[in-house]
Structure formats: C-alpha cells, structure tokens
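In my numbering, the protein residues as written are 2 to 441.
Every residue, glycine too, gets a C-beta built ideally from N, C-alpha and C.
Shown next, in structure tokens, is the structure this report addresses.
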C-alpha cells in the first residue's frame, strides 16, 4: 500500500515537472527564434556564435528567460551534436551530445531523465536532502517558429538540453511517503489492538458459554441420578421413620426409668436411645434432601437463630471444649424461612465442631458492608479446588456421616437467593461465608 501510494505520488510530481520543463523549453525555443535567430540572420546574414556579439546576445536572452527556474546547466547543440552554446565558452564545438539523446531529438521527440547525484544509501532515509540531489535533464528539439497550423511543425535547427534541480519536489515526495507510512502503521496498530480485544472478548465469551454448558450438563446428569435415588431413599426413609420413632421414644423412656439404677440395662437403653436419635437425624437428612421445602419468606433475626443453634449444641460444645464467639447484632435481619435458616446454621456449626474434634474456638460475625454472615473455625479448612465437591450429595471427608449436610445447606441457601463461599481463614482454619441478598 505504501509503495503503491508513494509511486503514484512520485509519478504525479514527475509528470508536473516534465510538463513544466516542456513549457520552459517551448518558451526558450520561441525566445531564441524570435529574439535571436531571426534578428541575427537579418542583421548578420547567418548565425555564428563564435562572434562575440552574437554569443553575448544569445546569452542575455537565455539568462533572462530561465532566470528563477533553478536551471543548473543549459546547452545548445547543432545538428551534428556539437556544442553551439554553453555557459562555459571553452566547451563550444568540443563536447558531443549523447547519441540516444541526439537521435530522439532529430526525430522530434522530447526526452526526460531523472538523475540521482547522491549515491549513498543513507540518502534514501533522509527527509532533508542536499541541493542538486535530484536533477531533471530535458532534451528538446529546437525548431523554426511553428505556424498557426498544428499539423505543420517548424524545421529542426538544433537541440536544446538543460538540467533543473528538482530536489525540493523529491523532498515533498519523501515527506508524503513518510506521512502515509506513519498513517498506515498507526491504523494497522489500532486495527490490530481492536481485533485483538474483540478476539479476546469472543474467546472469553465462548469459554464462558462452554463452561456454562458443561455445568448445566453436569447438573442435568446429577439431577437425573439424584431424582431416582431420592425417590428410592424417600420411600425407604419414610418406612423407617415411624418404627424408628417408636424405638427412640421407648428407649428414652426406659433410660429415664433406669437412670437411678445405673446398671447394664440403663446403659443399653441409653445406647439404644443415642443410636436411634442419630439414625433419626440421618433419616431426616434423606427426607430433607429428597423433598426440600419451599422457604416461607419473612424477616428473620440471625442473632436469634444462632443463639438457638448454639444452645442446642451446648452439650457437644462442652464435651469437646469448644467455645463459640458470636458478634452478630440484632440489626442483622434477612428475608428468609426461620426454620430452614436455623437448619442451615445448625448444620454449619455442627460441621465446624466435628472438623475441630477437640478444644478450640468458633467465631461467628456479621459483615454489614457486604451483607454476609461469616463463620471461622480452627479446623483444617476447605480446599479451594474442591468447592464443587463439598456440596455434592453423599460426598464427605469424614469417616462417618451421610455427606448430605452441606448439600442440604447449599440447597437452602440457593432457594433463599443467597450464595455460599467455602474457603480458609487467613489466620488458619476453615471459613464459610453466606452472602444474603439485600432487601429491596
């Protein structure tokens, strides 16, 4: 593109320079013939430039005609190709015109030749050129004055050859080529940046869509698998729950009656009660996951349900020497189902206790700026690359349990329009963040 535009500009400028040279040559032809040739023939009988008066007369006419046109050299040759006129009189009759130029002139043709006088390759990189770096040599047939008829041309009586300094025009061409190059480079770089940004954005959108598609496919397969499993577990759990409730209540009654005896019968009754209660929680987990309840939305005080969950876990907390520090103000109110949120808080606190498995501290606080509830414990924490696994049904890192706790919690939180983040506490331990939607 740069070469094409540059060459076009150069051809246009050269055409202008050649046209100007042609007009100048025609004017010289006219001035020489009218003001020198005719008067000289009439006055002297013939033209003899060795005659000092004739030479000076011709020299004055030529100087007057070409003044201000940057003519470097001007010579007139006779029909034999010898110098008839030159600025340097010592060249008269000696130097011979080049055969090609002479032949073209005798055929009535005007020829042009651009010469680069600066041979250094470095000159091609310069914008400012020294004078006479580029010259245009014009060879023009001198004729007797033409008649008014275009079809009739005068007789060739000699050859006019002159050179002009066209360095200034080439500087303009160089400047134009540099400007075009810069414009094209800047345009290309701008286009490259725009295309790069568009392609990056398209790649990102395609990657996001692929990830979203894969996620939806995983969820679909998971839901299909869990739907059939859930129906089976729900029917089994429903059949187990009623007799299990009878066993639990009977064992509790026997344990209370034999509490004073503290014998083998009492210990067996207490063991049956504890195990039946654990199985009852497991059955309830299955039913809650298989048939999740729709939340009944209402304003809920988080500090209240956290206090209830802590009270219910007091026996386990004392047993494992775990302390729960709560920094949740009464103003921490969210829109949700109180029973389901209680189940969520209870499961998370219970998981923290089981993860610590010994003396430690659990901190629960409310971040009003981000409208989120944060729970920090001193357990091993959650691995970032396993966040999706933690909320999958039946996935657990513990030796005991159903693996439904976090799955149920995740379902409840999602149904409330909230989000849950599992990670590690910067001070060590696990961290759970629940970001609730703000009330509108």
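For residue j and residue i, the rounded distance between their alpha carbons
{"i": "residue 26", "j": "residue 183", "result": "39 Å"}
{"i": "residue 142", "j": "residue 101", "result": "13 Å"}
{"i": "residue 72", "j": "residue 194", "result": "50 Å"}
{"i": "residue 452", "j": "residue 189", "result": "A question about residue 452 goes unanswered here, because the residues of the chain that appear run from 2 up to 441."}
{"i": "residue 38", "j": "residue 48", "result": "7 Å"}
{"i": "residue 97", "j": "residue 15", "result": "27 Å"}
{"i": "residue 149", "j": "residue 186", "result": "Here residue 149 scores only 46 on pLDDT, less than 50, and its place in the model is too uncertain to base an answer on."}
{"i": "residue 389", "j": "residue 253", "result": "40 Å"}
{"i": "residue 281", "j": "residue 273", "result": "12 Å"}
{"i": "residue 21", "j": "residue 58", "result": "25 Å"}
{"i": "residue 106", "j": "residue 70", "result": "23 Å"}
{"i": "residue 276", "j": "residue 251", "result": "13 Å"}
{"i": "residue 279", "j": "residue 245", "result": "10 Å"}
{"i": "residue 333", "j": "residue 216", "result": "34 Å"}
{"i": "residue 93", "j": "residue 181", "result": "48 Å"}
Start and end residues, alpha helix (DSSP H) containing residue i
{"i": "residue 358", "result": "Careful: residue 358 lies outside any alpha helix (DSSP H) and carries neither H nor E."}
{"i": "residue 58", "result": "53-67"}
{"i": "residue 167", "result": "No alpha helix (DSSP H) contains residue 167, which DSSP labels as neither H nor E."}
Enclosing beta strand (DSSP E) for residue i [first to last residue]
{"i": "residue 298", "result": "No beta strand (DSSP E) contains residue 298, which DSSP labels as neither H nor E."}
{"i": "residue 141", "result": "135-144"}
{"i": "residue 97", "result": "Here residue 97 belongs to no beta strand (DSSP E), and DSSP marks it neither H nor E."}
{"i": "residue 336", "result": "334-337"}
{"i": "residue 415", "result": "Element bounds for residue 415: not the beta strand (DSSP E) but the alpha helix (DSSP H), 406-416."}
Selected residue, minimal CA-CA separation from residue i, among the options
{"i": "residue 32", "options": "138, 98 and 144", "result": "144"}
{"i": "residue 13", "options": "177, 281, 422 and 68", "result": "177"}
{"i": "residue 308", "options": "213, 429 and 365", "result": "365"}
{"i": "residue 17", "options": "174, 406 and 131", "result": "174"}
{"i": "residue 55", "options": "110, 338, 42 and 412", "result": "42"}
{"i": "residue 63", "options": "99, 318 and 163", "result": "163"}
{"i": "residue 134", "options": "140, 116 and 146", "result": "116"}
{"i": "residue 301", "options": "346, 363, 354 and 353", "result": "346"}
Residue i and residue j closer than 8 Å at C-beta
{"i": "residue 325", "j": "residue 357", "result": "no"}
{"i": "residue 306", "j": "residue 269", "result": "no"}
{"i": "residue 155", "j": "residue 79", "result": "no"}
{"i": "residue 75", "j": "residue 84", "result": "no"}
{"i": "residue 137", "j": "residue 29", "result": "no"}
{"i": "residue 65", "j": "residue 130", "result": "no"}
{"i": "residue 420", "j": "residue 436", "result": "yes"}
{"i": "residue 348", "j": "residue 409", "result": "yes"}
{"i": "residue 340", "j": "residue 298", "result": "no"}
C-beta neighbour in chain B for residue i, strict 8 Å
{"i": "residue 334", "result": "Here chain B cannot be found, since the structure has a single protein chain."}
(message) I'd like to know if the region 374-390 and the region 419-437 are in contact, where contact means that at least 3 CB-CB pairs between them fall below 8 Å.
(response) Short answer: they touch.
(request) Report yes or no: do three or more beta-carbon pairs, one from the region 105-112 and one from the region 86-95, lie closer than 8 Å? (result) Verdict: no, contact absent.
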